[in-house]
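A.B. asks:
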Amino acid sequence: MTYVILHALAPIFVIMLLGFFAGKAKMVDNNNVALLNIFVMDFALPAALFSATVQTPWAGILQQMPLIVVLVLAMWLIYAAIYFLCTRVFHKSPQDAAVLTLTVALPNYAALGLPILGSVLGDSPSTSLSVAVSIACGSVLLTPFCLLILEREKNRAATGGNGGSSLSMLPVLMWRSVKKPIVVGPLLGVILSAIGISMPEMLLAAIKPLGLAATAAALFLTGLILSARQLKINRTVIVATATKLIIQPLIAWALVVMFGLHGSVAVTAILMIALSAGFFGVVFGNRFGVQSPDAEAALLISSVLCIVTLPLFIALTAGM
1 MTYVILHALA PIFVIMLLGF FAGKAKMVDN NNVALLNIFV MDFALPAALF SATVQTPWAG
61 ILQQMPLIVV LVLAMWLIYA AIYFLCTRVF HKSPQDAAVL TLTVALPNYA ALGLPILGSV
121 LGDSPSTSLS VAVSIACGSV LLTPFCLLIL EREKNRAATG GNGGSSLSML PVLMWRSVKK
181 PIVVGPLLGV ILSAIGISMP EMLLAAIKPL GLAATAAALF LTGLILSARQ LKINRTVIVA
241 TATKLIIQPL IAWALVVMFG LHGSVAVTAI LMIALSAGFF GVVFGNRFGV QSPDAEAALL
301 ISSVLCIVTL PLFIALTAGM
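Take 1 as the starting number for the sequence shown in full-length UniProt numbering and just add one per residue.
(1) Buried or exposed, going by whether 16 or more other CB atoms sit within 10 Å of the CB of THR159?
(2) Should ASN108 and SER276 be called a contact, given that it needs their Cβ atoms to be closer than 9 angstroms?
(3) Take ALA213 as the anchor and find which of ALA8, SER51, ALA298 and ALA22 has the nearest alpha-carbon.
(4) Can you tell me whether TRP175 is buried or exposed? The criterion is at least 16 other CB atoms within 10 Å of its CB, across all chains shown.
(5) Are CYS146 and PHE280 closer than 9 angstroms when you measure CB to CB?
(6) My parser needs the alpha helix (DSSP H) runs of 4 or more residues fully inside the segment 136–160; what are they?
(7) Below 8 angstroms CB to CB, which residues in the same chain sit around LEU210 once its five sequence neighbours on both sides are set aside?
(8) Given a threshold of 16 other Cβ atoms within 10 Å of its Cβ, counted over all protein chains shown, does PHE84 qualify as buried or as exposed?
(9) Going by beta-carbon coordinates alone, are VAL282 and ILE225 separated by less than 9 angstroms?
(10) Since GLY19 contacts LEU219 with CB under 8 angstroms, what's their CB separation in whole angstroms?
(11) Going along the chain, which residues of its own chain have a beta-carbon closer than 7 angstroms to the beta-carbon of ILE182, five neighbours each way excluded?
(12) In the DSSP assignment, the alpha helix (DSSP H) including SER198 goes from what residue to what residue?
(13) Short check: CB of ILE273 to CB of VAL120, under 9 angstroms?
(14) Going by beta-carbon coordinates alone, are GLY285 and MET16 separated by less than 9 angstroms?
(15) Sorted by chain position, which residues of the same chain lie with C-beta nearer than 7 angstroms to LEU221's C-beta, five sequence neighbours on each side aside?
(16) Short of 8 angstroms in beta carbon distance, which residues of its chain neighbour ARG229, apart from the five on each side in sequence? Order them along the chain.
(17) Which value, in whole angstroms, describes the spacing of the CA atoms of ILE270 and ALA254?
(18) Would you call ASP96 buried or exposed, if buried means 16 or more other Cβ atoms sit within 10 Å of its Cβ?
(19) Checking 9 angstroms against the spacing of the C-beta atoms, do VAL257 and THR53 come in under that value?
(20) Pull up the distance between the alpha-carbon of PRO11 and that of CYS306, whole angstroms please.
(21) Measure the CB-CB distance between ILE116 and ALA8 and report whether it falls below 9 angstroms.
(22) Within this structure, are the beta carbons of GLN248 and VAL28 separated by less than 9 angstroms?
(23) Between SER130 and ALA81, what straight-line distance do the alpha-carbon atoms span, to the nearest angstrom?
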């Protein structure tokens, strides 16, 4: 099992290392990655998420409702808790807190979901469906929270803090967040799936290369961003990493027990949440000009330490 986890993690570290090397060697300007960020956030990832959701049968999505409930609750609870700690205890800015919180709360479904789940439950259409549903949950039901905060703070900075109250600005901020391609892509795919509209094969074939490039481009961009920073471990990073690798999976396990789930649904719910931190937070932050060294450190450290924690949760789910 350790080999399987290492095999799944290897592409992550190799591609991030390539991005890191390219930045350090000044092959790419690591202080000006706006163009690559636009490609990743507005084209590659939305195309990948749209393809995954629009090809997911609505009946299959409905069958995954117990999984969706556990994933969403585990992500929302951690998002609320970490954001509160960051702003009230660690005294982080709302932007920094939003980026760190999304990094911790949203597991790396895109890169690790299929390899890990496939090794435990076997490669099958149901496994692929579960991973696609997990990615859609994170993209549609979690990332808008981060975007909402980033848009709010951007608006306040632009208006000198006179942009009105958060409540009065909520409709505008929600619209700005929801219309982002990273949210529109999977949301449109879910809607089309729900009403039974199938995309032409020609269209899916046309955007497939974008989807295939999405994870690699995002990981390369993450490595490039990290090359411009210094890794610092502090109390915030330790708490964030421990929360991601231990507390969040335990919350998922408790929810599974509370709802009386068992079998592949229970295993999937726990293992998807037990994955390492995802790269969305770091990439989102860079798009808004927000640097969060703590989020970057938590991303790296959790990716390394999940080699230890994942087998523990795999063992925990063995009897389910």
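Backbone N, C-alpha and C define an ideal beta-carbon position, used for all residues, glycine too.
C.D. replies: The relevant details are as follows:
(1) Within the sequence shown, residue 159 is the residue found at index 159, counting from 1. When all chains shown are included, THR159 counts as exposed.
(2) In the sequence shown, counting from the first residue as 1, residue 108 sits at position 108. In the sequence shown, counting from the first residue as 1, residue 276 sits at position 276. A contact, by the Cβ cut-off of 9 angstroms.
(3) By 1-based counting over the sequence shown, the position of residue 213 is 213. For ALA213, the nearest C-alpha among the options comes from SER51.
(4) Within the sequence shown, numbered from 1, the residue matching residue 175 stands at position 175. So TRP175 ends up on the exposed side.
(5) Along the sequence shown, one-based indexing puts residue 146 at 146. Along the sequence shown, one-based indexing puts residue 280 at 280. Yes, these two residues count as a Cβ contact at 9 angstroms.
(6) 143–158
(7) Reading the sequence shown from its first residue, position 210 is the one you call residue 210. Excluding sequence neighbours, LEU210 sits near PHE43, ALA44, ALA47 and ALA48.
(8) If you number the sequence shown from 1, residue 84 lands on position 84. Answer is exposed; the Cβ neighbour count stays below 16.
(9) Here residue 282 is taken as the residue at index 282 of the sequence shown, counted from 1. Here residue 225 is taken as the residue at index 225 of the sequence shown, counted from 1. Taking 9 angstroms as the Cβ cut-off, VAL282 and ILE225 qualify as a contacting pair.
(10) Position 19 of the sequence shown, counted from the start, is the residue given in the question as residue 19. Position 219 of the sequence shown, counted from the start, is the residue given in the question as residue 219. Between the beta-carbon of GLY19 and that of LEU219 there is about 7 angstroms, and that keeps the pair under the 8 angstroms contact cut.
(11) Working through the sequence shown from its first residue, we reach residue 182 at position 182. Only MET41, LEU45, PRO46, SER139 and THR143 meet the Cβ criterion.
(12) Here residue 198 corresponds to residue number 198 of the sequence shown, with the count starting at 1. Careful: SER198 lies outside any alpha helix (DSSP H) and carries neither H nor E.
(13) Here the question's residue 273 lines up with position 273 in the sequence shown. Here the question's residue 120 lines up with position 120 in the sequence shown. The answer is no: Cβ separation not under 9 angstroms.
(14) Numbered from its first residue, the sequence shown carries residue 285 at position 285. Numbered from its first residue, the sequence shown carries residue 16 at position 16. The Cβ atoms of GLY285 and MET16 lie no closer than 9 angstroms to each other.
(15) Walking along the sequence shown from the start, residue 221 turns up at place 221. Answer for LEU221: GLY19, VAL33, LEU36, ASN37, VAL40 and VAL283, listed in chain order.
(16) Within the sequence shown, numbered from 1, the residue matching residue 229 stands at position 229. Excluding sequence neighbours, ARG229 sits near GLN291, PRO293 and GLU296.
(17) Numbered from its first residue, the sequence shown carries residue 270 at position 270. Numbered from its first residue, the sequence shown carries residue 254 at position 254. The alpha-carbon atoms of ILE270 and ALA254 are separated by roughly 9 angstroms.
(18) For the purposes of this step, residue 96 is taken as the residue at position 96 of the sequence shown. The residue is buried, with at least 16 neighbouring Cβ atoms inside 10 Å.
(19) Taking the first residue of the sequence shown as 1, we reach residue 257 at position 257. Taking the first residue of the sequence shown as 1, we reach residue 53 at position 53. No, these two residues do not count as a Cβ contact at 9 angstroms.
(20) Numbered from 1 along the sequence shown, position 11 holds the residue referred to as residue 11. Numbered from 1 along the sequence shown, position 306 holds the residue referred to as residue 306. Going from the Cα of PRO11 to the Cα of CYS306 covers about 15 angstroms.
(21) Locating residue 116 in the sequence shown gives position 116, counting from the first residue. Locating residue 8 in the sequence shown gives position 8, counting from the first residue. The answer is yes: Cβ separation under 9 angstroms.
(22) To locate residue 248, count along the sequence shown from 1; it is residue 248. To locate residue 28, count along the sequence shown from 1; it is residue 28. Not in contact: GLN248 and VAL28 (Cβ atoms no closer than 9 angstroms).
(23) Locating residue 130 in the sequence shown gives position 130, where the first residue counts as 1. Locating residue 81 in the sequence shown gives position 81, where the first residue counts as 1. Approximately 26 angstroms between the Cα atoms of the pair.
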